[in-house]
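J.: Sharing a structure with you now.
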Amino acid sequence: MSDTGHLPKPPPLPGRRWFLPSAITAELDPDSVGRTGRPKRTARDWIVDFTCFLVAVAVGLLGADALPKEPNTPYPLEVVDQWLGALACAAVWLRRRWPLGLAVAMVPVSFLSNTAGGAGVVALFTLAVHRPFKYVAWTSGVSLAATPLFYWLRPDSDLPYVLSLAFAGLLTGALVGWGMFVRSKRQLMLSLRDRARRAETESALRAEQAQRLAREAIAREMHDVLAHRLTLLSVHAGALEFRPDAPQAEVARAAGVIRESAHEALQDLREIIGVLRASGDGPEETGRPQPTLGALEGLVSESREAGMKVTLDNRVTDAGTVPASVGRTAYRIAQEGLTNARKHAPGSEVTVTVAGVPGDGLTISVRNPPPPGDVPHVPGSGQGLIGLTERTTLAGGHFEHGPGEDGGFQVSAWLPWG
Numbered sequence: 025m026s027d028t029g030h031l032p033k034p035p036p037l038p039g040r041r042w043f044l045p046s047a048i049t050a051e052l053d054p055d056s057v058g059r060t061g062r063p064k065r066t067a068r069d070w071i072v073d074f075t076c077f078l079v080a081v082a083v084g085l086l087g088a089d090a091l092p093k094e095p096n097t098p099y100p101l102e103v104v105d106q107w108l109g110a111l112a113c114a115a116v117w118l119r120r121r122w123p124l125g126l127a128v129a130m131v132p133v134s135f136l137s138n139t140a141g142g143a144g145v146v147a148l149f150t151l152a153v154h155r156p157f158k159y160v161a162w163t164s165g166v167s168l169a170a171t172p173l174f175y176w177l178r179p180d181s182d183l184p185y186v187l188s189l190a191f192a193g194l195l196t197g198a199l200v201g202w203g204m205f206v207r208s209k210r211q212l213m214l215s216l217r218d219r220a221r222r223a224e225t226e227s228a229l230r231a232e233q234a235q236r237l238a239r240e241a242i243a244r245e246m247h248d249v250l251a252h253r254l255t256l257l258s259v260h261a262g263a264l265e266f267r268p269d270a271p272q273a274e275v276a277r278a279a280g281v282i283r284e285s286a287h288e289a290l291q292d293l294r295e296i297i298g299v300l301r302a303s304g305d306g307p308e309e310t311g312r313p314q315p316t317l318g319a320l321e322g323l324v325s326e327s328r329e330a331g332m333k334v335t336l337d338n339r340v341t342d343a344g345t346v347p348a349s350v351g352r353t354a355y356r357i358a359q360e361g362l363t364n365a366r367k368h369a370p371g372s373e374v375t376v377t378v379a380g381v382p383g384d385g386l387t388i389s390v391r392n393p394p395p396p397g398d399v400p401h402v403p404g405s406g407q408g409l410i411g412l413t414e415r416t417t418l419a420g421g422h423f424e425h426g427p428g429e430d431g432g433f434q435v436s437a438w439l440p441w442g
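Using this note's numbering, you'd call the opening residue of the sequence shown number 25 and step up by one each time.
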């Protein structure tokens, strides 16, 4: 969730994108990058570039005006100085494309040409804005190291030597500081934009995860509810198929169980589909209340009416004190255990044991001995025990299942209560 490559594409920039530097628009809007791979200059870039050019020309003209006052500068050197200054001013337009190369080139040019000082100032400031500090430190350090020799060979007629050095050092520090401030401000803007994009991505992922968890909860609920009903249908339909000569009363009872189970299954299916159609509603908001531990006796009675031999050992004195989530999980465990016993061990006597007190937790187990005879194959998903394990883990408990000592099967769970 944190990988930049997985961040969504940033939204289009507002209409005032012309007011932003091209270095910012290139990061915020990749479509602003031209075919050459360089960001397209905005109106602000053109204004700033033209201003920098004017600054370089103005400083160069001041330097050219001071050349005749230097006694140690011959006329040919003045001509060379002015030509170098003019070329340096023209090179200012390349400062965005090659900020480091221009700044490095301006160090010897500014040493040789007094009129190139303005272009050197612009190049150093551009380097501080567009490149890391290590490049700025090396370039400005070399320039400052050459300053004493420059003013020794070409002293300023208006300022003493020491003041000239101090002014050069102060100007260099101000340019570097100003450029680094602009750079840090831009990086902060990009960082905040990137952080906002990450927050939007994480929010979308959380919403997607919540939706997935809700769907998984609905799927578990569908399995727990419908598996019990459909197993009753399968078992009694199979009994009618293999025993066509059964007594009329037994056939009527089996048909009644089939009809009732089909009706309940359809009702449960309607409610679950209603949950899926409702936006954001969970299984808790269905029309029928969710089962709790108090509904366990009804589940056992229903299984007995279906022909199962079930013994309920409920040692919980007051089922109403059990938290609803814990009681619902215990109910689903008993329901799945009875469903599996009905499918895989028909005719066996099933024992459901529930015990626990607040503070010690709630334990529930469903045990059945081996089936007394051959068991016809009953189709199933095989995901019930996996779902119970996940449901129990989410409730903060632990779930176990496996063969019993007598060759039967047992499921048991411990759930926190307290």
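Every residue gets a Cβ at the ideal spot worked out from N, C-alpha and C, and that includes glycine.
Check whether the stretch 168–182 and the stretch 105–114 are in contact - that is, three or more C-beta pairs closer than 8 Å.
T.: In short, these stretches do not touch, since the Cβ pair count stays below three.
J.: Reducing DSSP to helix, strand and coil, say where G426 ends up.
T.: In the structure shown, G426 sits in a strand (DSSP, three-state: E or B).
J.: Rounding to the nearest angstrom, what Cα-Cα distance links A319 and R277 in this structure?
T.: So the two alpha carbons sit approximately 23 Å from each other.
J.: Over the uninterrupted beta strand (DSSP E) stretch that includes W438, give me the two end residues.
T.: Where W438 is concerned, the enclosing beta strand (DSSP E) stretches over F433 to L439.
J.: Determine the closest residue to N364 out of L214, P393, L386 and R339, with distance taken between C-alpha atoms.
T.: The shortest Cα separation from N364 among L214, P393, L386 and R339 belongs to P393.
J.: Decide if H422 is buried, meaning its Cβ has at least 16 other Cβ atoms within 10 Å, or exposed.
T.: With fewer than 16 other Cβ atoms within 10 Å, it is exposed.
J.: Output needed for L118: all residues of its chain with C-beta closer than 7 Å, excluding positions within five of it in sequence on either side, in chain order.
T.: The answer, listed in chain order, is L126.
J.: What three-state label does DSSP hand K64 in the structure shown?
T.: K64 falls in the coil class under three-state DSSP.
J.: Excluding sequence positions up to five away, which residues of its chain have a Cβ less than 7 Å from the Cβ of T375?
T.: Excluding sequence neighbours, T375 sits near T335, D337 and R391.
J.: Would you mind reading off the limits of the beta strand (DSSP E) that contains G344?
T.: No beta strand (DSSP E) holds G344; DSSP gives it neither H nor E.
J.: CA-CA distance, L323 and G426?
T.: Rounded to whole angstroms, L323 to G426 spans 23 Å at the Cα level.
J.: How close, in whole Å, do the beta carbons of Q106 and A88 come, if the pair is a contact with beta carbons under 8 Å?
T.: About 5 Å; that satisfies the 8 Å criterion.
J.: Name the DSSP beta bridge partners of V160, please?
T.: Its beta-bridge partners do not exist; DSSP assigns none.
J.: Where do the ends of the beta strand (DSSP E) carrying G380 lie?
T.: From DSSP, the beta strand (DSSP E) with G380 extends over E373 to V381.
J.: Specify, as a first and last residue, the run of the alpha helix (DSSP H) that V131 falls within.
T.: P123 to L136 is the extent of the alpha helix (DSSP H) around V131.
J.: Along the chain, where does the beta strand (DSSP E) containing R415 start, and where does it finish?
T.: No beta strand (DSSP E) holds R415; the alpha helix (DSSP H) holding it covers G408 to L418.
J.: Following the continuous beta strand (DSSP E) through G385, name the residue where it begins and the one where it ends.
T.: Looking at the DSSP string, the run of the beta strand (DSSP E) that includes G385 is G385 to N392.
J.: Please list the terminal residues of the continuous beta strand (DSSP E) segment that includes V104.
T.: That residue, V104, is in no beta strand (DSSP E); its alpha helix (DSSP H) goes Y99 to A115.
J.: Taking only the alpha-carbon atoms, compute the straight-line gap between F135 and L216 and give it to the nearest angstrom.
T.: Roughly 41 Å between the two C-alpha positions.
J.: Alpha carbon to alpha carbon, how far is G397 from T255?
T.: Each residue's alpha carbon lies about 19 Å from the other.
J.: Which residues bound the beta strand (DSSP E) around L336?
T.: Looking at the DSSP string, the run of the beta strand (DSSP E) that includes L336 is K333 to N338.
J.: Of the choices R207, L290, E226 and L229, whose alpha-carbon is the least far from that of M246?
T.: Of the listed residues, the one whose Cα sits closest to M246 is L290.
J.: Let me know if V381 comes out buried or exposed under the rule of 16 or more other beta-carbons within 10 Å of its beta-carbon.
T.: V381 comes out exposed.
J.: Measure the alpha-carbon distance for L189 versus T171 and round it to whole angstroms.
T.: Their Cα atoms are separated by approximately 7 Å.
J.: Quick one: Cα of E102 to Cα of L195, how far?
T.: If I take the Cα positions, the gap works out to 24 Å.
J.: Go ahead and label G280 buried or exposed: buried means 16 or more other beta carbons lie within 10 angstroms of its beta carbon, across all protein chains shown.
T.: Flag for G280 reads exposed.
J.: In whole angstroms, what separates the C-alpha of G385 from that of E232?
T.: Taking the straight line from one Cα to the other gives about 33 Å.
J.: Tell me which residues share the same chain as G351 and place their Cβ nearer than 6 Å to its Cβ, disregarding the 5 neighbours each side in the sequence.
T.: If we look at G351 and ignore the five residues flanking it on each side, its Cβ neighbours are T316 and L317.
J.: Under 8 Å, do G432 and S389 count as touching if we go by C-beta distance?
T.: Not a contact, by the Cβ cut-off of 8 Å.
J.: In terms of alpha-carbon separation, which member of T387, L214, L183 and V166 lies closest to L420?
T.: Here residue 420 is Gly; the residue named in the question, Leu, does not match the sequence. Selected option, being the one with the closest Cα: T387.
J.: By the three-class DSSP mapping on this structure, what secondary structure does R277 have?
T.: Helix.
J.: Output needed for G193: all residues of its chain with C-beta closer than 8 Å, excluding positions within five of it in sequence on either side, in chain order.
T.: Cβ within range, chain order: L168 and T171.
J.: Is it the case that the Cβ atoms of P123 and T150 are separated by a distance below 8 Å?
T.: Going by C-beta atoms, P123 is nearer than 8 Å to T150.
J.: Got a sec, what are the start and stop residues for the alpha helix (DSSP H) T316 sits in?
T.: No alpha helix (DSSP H) holds T316; DSSP gives it neither H nor E.
J.: Which residues mark the beginning and the end of the alpha helix (DSSP H) in which A143 is found?
T.: Run containing A143: G141 to H154, per the alpha helix (DSSP H) assignment.
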